[in-house]
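Residue numbers (the numbering used here), protein chains in the order written: chain A, 1 to 318; chain B, 1001 to 1517. We put the CB at the ideal spot given by N, CA and C, even for glycine. Small disclaimer: the values here were computed from a predicted structure and weren't measured. Have a look at the structure below before the remarks.
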């Protein structure tokens, strides 16, 4: 057991090292950075990205990709807003419909790409536009203020400064890692991403597994919608634009392969934290947005380069 | 012109010469080295020892372009056209008529038209995409592409495999014209009648050695087969009575033989199965029986196994496993559920998860059945069984966590087989089970065939290695041009007879009648 723990720690040591290094650098260069308040703010402002990254890891592992997640979050958020404001629905009821909608959109992405052998890149690109358009249709392109009825999920708890959204997100990470490493479904995902034809020739139907991965990502987008809506107290039809790229970047920083077959939910989670720390650290230093963007991009490439070198060295020594 | 090679693993000291203005047929069974020889001439593989001369000049092409600039063109079995480009672009791909980088469409299509017209391919539009053409037309376009370039030597590797009779005739007319123009041609084909018709001289290769070169007129198709299999004509005249005595000897031997593990239950019945090139194949395998399928490369053996296993959807016919209701499997999962297992020909392509561990690969096919409960993996059991399998198969590895891609070919194959041993299948289909693996692994796999047969399993082995089939199988069927042409007890086969039968499907009815009498 002890050996296992050390092993899994070693697996994430590199990523955690980068995270600690970033925090250390920012703490030294800005007095205000290493404070509970800062770290809590980082945690509470990123659950939506964590939710999405968990699902995106699964989708990337089955050698798929989903570009529509940002739009799905906005769509889910709009569903909650419309139902709660115009139709006076309760939050649980509105949230259920939101989950249904984003889940079905994920199912659609998976089904169309698997059944008709269309690259998921294209299908989800179409969904990206459709969902964003749908969002604007049902909200009339207006931000809908919902107010205190949705805020609880995103606000810090009384006994701990973290929001329920962040805690649920962390639980999702744990559940996602469990799903990936301990269940038949997770094993099949990895196998399909490695060599789908070999899995088929082993007598396993691959289509339902791949479609399920997309659907899980859709459902997690629904959770991200709730987190987003409660943090903003409103449904913004222009929310989460470009979030898909942050999520993919987080997964890639965590070592997930875009070719499929390799990845870890926990590593993607650390990837989200690295991006988040980088963003707010740079902001605290007073770095301009343009420079911030430049540095974030460089970090993503550096992370992938490191990973590629690690694989190459591993191959040479192995 | 003389070309000489030596000490190449697949080709040993082969001498070969080609005169200008002749069609020189190259014959040989699977793995005799025909394709290798041609690839060396065309600059696709390097010559290990020996050398070549063209018109007295030393000729040592290091790549295809070098060969082409010397005037050597090859038309390979697999098509080398780009499906998304149109016919004209494919024909003139490496010398598109252009000015300042801009392709002149009119010149392109005019030149392409001329090239096609020479083959009387009036019905092929130069603007049509290659992907829209049928296989026969694609083959003709490829031939036209090679003919459009100036060449002194033209190598044709099974050019007629996908052609209809009339297309073949057109091709032959063209080849005759080229012969008159002084082009030397090397012609590989399994269709011996064609060889007889078109070739001037015939060279036979066997096991990488040069058996003999003669004029085509002096050789009958029967003699060609004998050269390929290594039995000479006068031996063969004794063959019939010989086989009969052997038959009598073995029928008594079989009944007395305790090592015959075959029982009376039929575990696999294939009935009138059709799928693509597989035509109307029927056979039965009993429990404990090892059933071999021989045939030339491309005779449809892999396609047959895939159709049985549901990897390709069969058009008609039935498959019945171990007394279950006869069906036609639409997906491998149905076949596996019914009790079939298939070790595929290309383990890297569709047999193994190369980047994953031995443990993952071993447990894959029986994941739900044996290694999980309520959807959760049982890691302890998985590790135990994977370890057992490694020991049982004598897989050389650092441990069950070693990734399969880092194993040697033989050990990879052991893992690919172990994947199916974890499932209690009734019938095992092996496609080229020992291709490219070392002697030790081969021995272990043969032992495994024995173990499976002793356990009452049915085994079907497709192999191009005749020695392997003769050694391991109870019965051997020969497949030719998509049909099972003959099935006999192993003791009633000779390698010569198997080879003879392998060519049966390629012969005209007349020559079949001739050999029948």
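Give me the residue from the options with the minimum Cα distance to residue i.
i	options	result
residue 1048(B)	1370(B), 1036(B) and 1457(B)	1036(B)
residue 335(A)	204(A), 116(A), 138(A) and 213(A)	Missing from the structure shown is residue 335(A); chain A here goes from 1 to 318 and no further.
residue 1372(B)	106(A), 131(A), 18(A) and 185(A)	185(A)
residue 1273(B)	1312(B), 1267(B) and 1176(B)	1312(B)
residue 1340(B)	1322(B), 1189(B), 1156(B) and 1038(B)	1322(B)
residue 124(A)	110(A), 117(A) and 116(A)	110(A)
residue 1389(B)	1458(B), 1444(B), 1429(B) and 1374(B)	1444(B)
residue 1205(B)	1199(B), 1217(B) and 1188(B)	1188(B)
residue 56(A)	308(A), 244(A), 310(A) and 291(A)	244(A)
residue 142(A)	234(A), 66(A), 29(A) and 53(A)	234(A)
residue 1055(B)	1184(B), 1133(B), 1463(B) and 1363(B)	1184(B)
residue 95(A)	73(A), 15(A) and 108(A)	73(A)
residue 1266(B)	1280(B), 1275(B), 1285(B) and 1277(B)	1285(B)
residue 77(A)	54(A), 132(A), 65(A) and 119(A)	132(A)
residue 212(A)	237(A), 188(A), 230(A) and 231(A)	188(A)
residue 225(A)	304(A), 165(A) and 206(A)	165(A)
Could you give the distance in angstroms between the alpha-carbon of residue i and the alpha-carbon of residue j?
i	j	result
residue 301(A)	residue 252(A)	9 Å
residue 1270(B)	residue 1304(B)	10 Å
residue 257(A)	residue 127(A)	23 Å
residue 1039(B)	residue 289(A)	59 Å
residue 1283(B)	residue 1477(B)	9 Å
residue 1415(B)	residue 1387(B)	11 Å
residue 1448(B)	residue 1392(B)	10 Å
residue 1107(B)	residue 312(A)	49 Å
residue 1486(B)	residue 1297(B)	17 Å
residue 1014(B)	residue 1113(B)	40 Å
residue 193(A)	residue 1405(B)	15 Å
residue 1051(B)	residue 1454(B)	52 Å
residue 1043(B)	residue 1066(B)	7 Å
residue 1466(B)	residue 1209(B)	17 Å
residue 1135(B)	residue 1128(B)	14 Å
residue 1213(B)	residue 1219(B)	10 Å
residue 1241(B)	residue 1451(B)	Since pLDDT at residue 1241(B) reaches only 42, below the 50 mark, its modelled position is unreliable, and no value is offered.
residue 237(A)	residue 98(A)	14 Å
residue 1367(B)	residue 264(A)	21 Å
residue 1421(B)	residue 1385(B)	10 Å
residue 1237(B)	residue 1157(B)	Its pLDDT being 39, under 50, residue 1237(B) is placed unreliably by the model, and nothing is read from it.
residue 1068(B)	residue 262(A)	43 Å
Assuming residue i is part of the alpha helix (DSSP H), what are its boundary residues?
i	result
residue 107(A)	91-115
residue 1381(B)	1379-1392
residue 1023(B)	Counting along the chain, residue 1023(B) falls outside any alpha helix (DSSP H), though it belongs to the beta strand (DSSP E) covering 1023-1027.
residue 188(A)	184-200
residue 1127(B)	No alpha helix (DSSP H) contains residue 1127(B), which DSSP labels as neither H nor E.
residue 1280(B)	From DSSP, residue 1280(B) is part of no alpha helix (DSSP H) but of the beta strand (DSSP E) over 1278-1286.
residue 1172(B)	1165-1180
residue 205(A)	Counting along the chain, residue 205(A) falls outside any alpha helix (DSSP H), and DSSP gives it neither H nor E.
residue 1067(B)	1064-1070
residue 1401(B)	No alpha helix (DSSP H) contains residue 1401(B), which DSSP labels as neither H nor E.
residue 1036(B)	1034-1041
residue 1447(B)	1439-1454
residue 1197(B)	1192-1198
Since I believe residue j is in contact with residue i (beta carbons under 8 Å), could you give me their beta-carbon distance rounded to a whole number of angstroms?
i	j	result
residue 1171(B)	residue 1144(B)	Between residue 1144(B) and residue 1171(B) the Cβ distance is about 10 Å, and since that is not below 8 Å, they are no contact.
residue 320(A)	residue 106(A)	Because residue 320(A) is not part of the residues shown, which for chain A are 1 to 318, the question remains open.
residue 1380(B)	residue 1359(B)	About 11 Å separates the two Cβ atoms, so there is no contact after all.
residue 1268(B)	residue 183(A)	At roughly 34 Å, the Cβ-Cβ gap does not stay under 8 Å, so residue 1268(B) and residue 183(A) are not in contact.
residue 1075(B)	residue 1167(B)	The pair is not a contact, with the Cβ atoms about 14 Å apart (cut-off 8 Å).
residue 1032(B)	residue 1207(B)	6 Å
residue 1456(B)	residue 1287(B)	4 Å
residue 135(A)	residue 71(A)	7 Å
Can you determine whether any heavy atom of the ligand GDP sits closer than 7 Å to the C-beta of residue i, and answer yes or no?
i	result
residue 45(A)	Although the ligand GDP was asked about, the structure shown includes no ligands whatsoever.
List the residues of chain C that residue i touches, going by C-beta distances under 9 Å, in chain order.
i	result
residue 1277(B)	The structure shown contains no chain C; its protein chains are A and B.
From which residue to which residue does the beta strand (DSSP E) around residue i run?
i	result
residue 1342(B)	1340-1343
residue 1290(B)	1290-1295
Could you tell me whether the region 1416-1428 of chain B touches the region 1329-1346 of chain B, where touching means 3 or more Cβ pairs closer than 8 Å? The region 1416-1428 of chain B, when compared against the region 1329-1346 of chain B, does touch it at the 8 Å Cβ threshold.
Do three or more CB pairs link the region 197-204 of chain A to the region 37-47 of chain A at distances below 8 Å? Judged by Cβ distances under 8 Å, the region 197-204 of chain A makes no contact with the region 37-47 of chain A, as fewer than three pairs qualify.
Three Cβ pairs or more, each shorter than 8 Å: is that satisfied between the region 1196-1210 of chain B and the region 1020-1030 of chain B? Enough Cβ pairs lie closer than 8 Å, so yes.
I want to know whether the region 1059-1067 of chain B touches the region 1222-1231 of chain B - three or more CB-CB distances under 8 Å. The answer is no - the region 1222-1231 of chain B does not touch the region 1059-1067 of chain B, with fewer than three Cβ pairs under 8 Å.
Validate contact between the region 292-308 of chain A and the region 1156-1165 of chain B using beta carbons, cut 8 Å, 3 pairs: Below 8 Å, too few C-beta pairs join the region 292-308 of chain A and the region 1156-1165 of chain B to call them touching: fewer than three.
Evaluate the contact criterion for the region 274-282 of chain A versus the region 13-29 of chain A: three or more CB pairs, one atom per stretch, below 8 Å. Contact between the region 274-282 of chain A and the region 13-29 of chain A is present, because at least three Cβ pairs lie under 8 Å.
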